[in-house]
Amino acid sequence: MIGGHSDPGLPHQRQQGLEAPRPAFRDARYSLFVTTDLIPAPDLLAATDATVVAKSVVDSGIAALAAAGGPDQAQTLAYDVSHAAAAVRTAESVLAYGSHGDTEARIACAFVADALAELAARLVGRTASWGISSNWMAPAEAFVATYRDPSFLASLATTQGDSHLDPDFELVRDTFHRFAAEQIRPRAEHIHRANTDIPEEIIAGMAEMGGFGMSVPEEYGGFATEGEADYLSMVVATEELTWGSLGAGGSLITRPEILTRAIVKGGTEEQKQHWLPKLATAEVLGAVAVTEPDFGSDVAGVNLPAVKVDGGWILNGVKTWCTFAARANVLLLLARTDPDRSKGHKGLSIFLVEKPQADGHGFTFTQAPGEAGRPGDSAGKMEGRAIDTLGYRGMHSYEVSLETWFVPDANLIGGEDGLGKGFYLQMQGFENGRLQTAARAVGLMQAAYEAAVEYADNRVVFGSPIGEYELTKVKLARMAVLIQASRQFSYEVARLMSKGEGVLEASMIKAYVCRTAEWVTREALQIHGGMGYAEEYPVSRYFVDARVLSIFEGADETLCLKVIARRLLAGS
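The numbering of the sequence shown is my numbering, which starts it at 175 and goes up by one.
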């Protein structure tokens, strides 16, 4: 019995998840039980040994990268080592998950074998540059062969495994899943196809559930207690909302999350009292304005100047890829407050730039002389132009132009003490954003996987449902395994970040899971065949939405070269 449906292609005992009483032998070299049945028993000891093999390869790659002069001198090596390290770290996380039971152990073995196969693909023709021998896989070859065998994988096609959340977090999951099913999914396709705004009903419903107050401390009207629950609840909620829609669900709580954490970490008490209660109830919605036309992932190079005037600051310049800028009441804007560019990131500060709400794909606002304390006789102007995108629709991303726009001193985060600290506050927000982006990727993958399973069960080709064919089962199994492994690693990273740790892991999971989501959604679309390329099924939306995940919140290449590789070297 798999997923509640009898599979006639498997013996009865294997349908029940039991091992047939067949002879087994022990391979002493690999400490692996191998059965003569088609489906071997899981072996976590062998999986651990295989992970150690992969980890030693990564360690050699890090040493080779150091010898080569670092990421700037060996970018390809740095990129490959970073992704390999992220996969190995995910494997270490899923090994702990495997200890929960037989099903979990099967998923863990399948993932570790898959991770080694991916590592092998990276190393073809490049073992010398990694400083390893060409037969590095030898100690783990039997393990990989066993748990990448199609018959083993096919047995996992509809086996997703339990998430093993505590009851409190299961309640969070159920609450946000129900909201996504009832409020977001029925509207998601229309939002995507018509490229419309997120309906106010979704925003109001999220606010009523407390979705915008999850990172706001309790003393300011939110639900955060500065413990593990803050991060884990956010991850769980983000996954479920993204299962409903990336653009209209999961991403809706990411913008206020980054804004909230900047105020909590660096704001004055007056700023916390003023802004946090409004953010918790969605009375105020925020957007992030960091990227500039010439500075994307290179945040330290941000150039938009903020010039001090009587009572505040004047902003001039352009921000781009400012998601949700029209609907937002306030922009979290990173600007250069010190004109001495030699100070680099130490010359950046964060402002809360207030603005009216707007609908549609563009907006223009003016700031009259004297308005909001604006000095002088001249007027200010803010103009937003929507950037059309392949997917990730509903929130809209904008290019925002500011002409002599005035921001009062009260809206400089941290006041005078906040001058020059904007880069650090922004990076802390991005670290949280990377974890949330990984959770978004998991939710998107889950939606794609479920769509693929349902279609495969019903689509008949050459006289049989395509879900009964081995190749389809193997694809579905890999999806299920990758999703659960990604989910479990996201939980671990959330727990680490709640303790003030996990900066490297947050970047790792973002890099690994977002690329994984591209494969999962692609194969889900492929299982749909021609209908997957049509807009009649949501899987086409999942596919185009997934593509943005490895671009925003730190482009994949920049994340690997500038963050992961450097931290790996520092820790070696």
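All C-beta atoms in this analysis are idealised placements derived from N, C-alpha and C, irrespective of residue type, glycine included.
Note that the structure is predicted; figures quoted are calculated from it, not measured.
- In this chain, the beta strand (DSSP E) harbouring N490 covers 486-497.
- Where A461 is concerned, there is no enclosing alpha helix (DSSP H), although the beta strand (DSSP E) around it starts and stops at 460-463.
- Judged by beta-carbon spacing, V694 lies beyond the 7 Å limit of I281, meaning their Cβ atoms are not closer than that value.
- With fewer than 16 other CB atoms across the displayed protein chains lying within 10 angstroms of its CB, K482 is exposed.
- Nearest to S407 by alpha-carbon distance, out of Q620, L345, A381, is L345.
- Nearest in C-alpha terms to H519, of all of W495, V464, G536, is V464.
- Listed as beta-bridge partners of Q541 by DSSP are G554.
- When DSSP states are grouped into helix, strand and coil, L507 belongs to the strand group.
- A direct Cα-Cα distance of roughly 48 Å separates A502 from A241.
- Secondary structure of G536 (DSSP, three-state): strand.
- In this structure T428 is not in contact with Q620, their Cβ atoms being roughly 18 Å apart against a cut-off of 8 Å.
- Going by C-alpha positions, S234 is about 41 Å away from G641.
- Here V634 is exposed, its C-beta having fewer than 16 other C-beta atoms within 10 Å.
- The distance from the Cβ of T494 to that of E466 is about 6 Å, consistent with a contact at the 8 Å cut-off.
- Residue T540 holds the alpha-carbon nearest to the alpha-carbon of P530 among T540, S308, A237.
- In terms of Cβ geometry, Q357 and I376 form a close pair [threshold 7 Å].
- For G335, the closest C-alpha among the options D484, R741, F285, S672 is that of F285.
- DSSP, read as helix, strand or coil, puts V390 in coil.
- When only Cα atoms are considered, E573 and L219 end up about 53 Å apart.
- Runs of alpha helix (DSSP H) with 4 or more residues, each lying fully within the stretch 418-453, are found at 428-440, listed in chain order.
- A Cβ-Cβ separation of about 5 Å places V581 in contact with F525 under the 8 Å criterion.
- Within the same chain, L239, A242 come within 7 Å of A248 by CB-CB distance, once the 5 residues on both sides are set aside.
- In the DSSP assignment, P549 is bridged to no other residue.
- Relative to S273, the option among T301, A221, A319 whose CA is nearest is A221.
- Across the set R608, D484, E644, C283, the C-alpha of C283 shows the shortest separation from the C-alpha of A270.
- The alpha-carbon of I306 is positioned some 11 Å away from that of V227.
- Relative to the Cα of G486, the nearest Cα in the group G565, T250, G550 belongs to G550.
- The residues A613, V616, G617, in chain order, have a CB closer than 6 Å to that of E413 in the same chain once the five nearest residues on each side in sequence are set aside.
- For E400, the three-state secondary structure derived from DSSP is coil.
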